[in-house]
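In this note's numbering, the protein residues as written are 318 to 535.
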């Protein structure tokens, strides 16, 4: 390939990367969240020191916290599913089919409970009805992380669902670039879907959100 063409391709890649890092990524890192929610400490923040990066995302739900919590507490591979793109989860080896109703037998979690059959997702902390913190099990290597979920009442009939992810991994490792790309892009796709699914299930309007066959970024 001629040198000029290589330089054109390289310049295009640099340009696209610059736009992503300076415009798109900052927006996705705080999708839906207010500055107050970004600045507010969350349960589980103390579990990962010096995270590689932090995302805080949120959505308003037209339902009370006590009506949202049952959908969160029943999450899991062998429970109510993860309310994201089930097809992608299954391709990753997680056997799920997200439930469209509250499952009474899965309305309790304790610290240390596993949310997947391999024990890779563990309940690190929980405040019933208010907050849930999920992190990797002991078998997961090369990364520590917390996924903190919190419910904040908004008036008497609405809720703010806030989600924060704080991963820490070695940026100098051979896997760092791949891991960063997977987490950066994969996380926003899956988490945005999850926020909308929890919202629509709690509101009883889940049919209105696009089907799992068409992941998009907004």
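Ideal Cβ placement from N, Cα and C applies to all residues, glycine included. None of these values were measured; they are calculated from a predicted model.
Buried/exposed call for residue i, threshold 16 Cβ in 10 Å
i, result
"residue 465", "buried"
"residue 409", "exposed"
"residue 393", "buried"
"residue 426", "buried"
"residue 352", "exposed"
"residue 487", "exposed"
Contact set for residue i: own chain, Cβ-Cβ below 8 angstroms, skip 5 residues either direction
i, result
"residue 383", "446"
"residue 366", "485"
"residue 441", "361, 364, 428, 450, 451, 452, 463"
"residue 385", "378, 468, 476, 478, 515, 519"
Residue i (DSSP reduced to helix, strand or coil)
i, result
"residue 348", "coil"
"residue 390", "helix"
"residue 414", "coil"
"residue 380", "coil"
"residue 428", "coil"
"residue 493", "helix"
"residue 540", "Lying before the first or after the last residue shown, residue 540 is absent from the chain, which here runs from 318 to 535."
"residue 435", "coil"
"residue 517", "helix"
"residue 421", "helix"
"residue 406", "helix"
"residue 522", "coil"
"residue 440", "strand"
Integer-rounded CB distance, given that residue j should sit under 8 angstroms from residue i
i, j, result
"residue 346", "residue 467", "With a Cβ gap of about 17 angstroms, residue 346 and residue 467 do not count as contacting."
Beta-carbon proximity list for residue i, same chain, < 6 angstroms, skipping 5 on both sides
i, result
"residue 379", "475, 520"
"residue 535", "Bear in mind that a pLDDT of 47 at residue 535, under 50, signals an unreliable position, so the model cannot answer this."
"residue 407", "none"
"residue 349", "374, 375, 376"
Spatial neighbours of residue i in its chain, beta-carbon cut-off 7 angstroms, leaving aside the 5 residues before and after
i, result
"residue 395", "434"
Hey, is the stretch 415-427 in contact with the stretch 393-400, meaning 3+ C-beta pairs nearer than 8 angstroms?
yes
Quick check: the stretch 466-479 against the stretch 373-392, are at least 3 beta-carbon pairs closer than 8 angstroms?
yes
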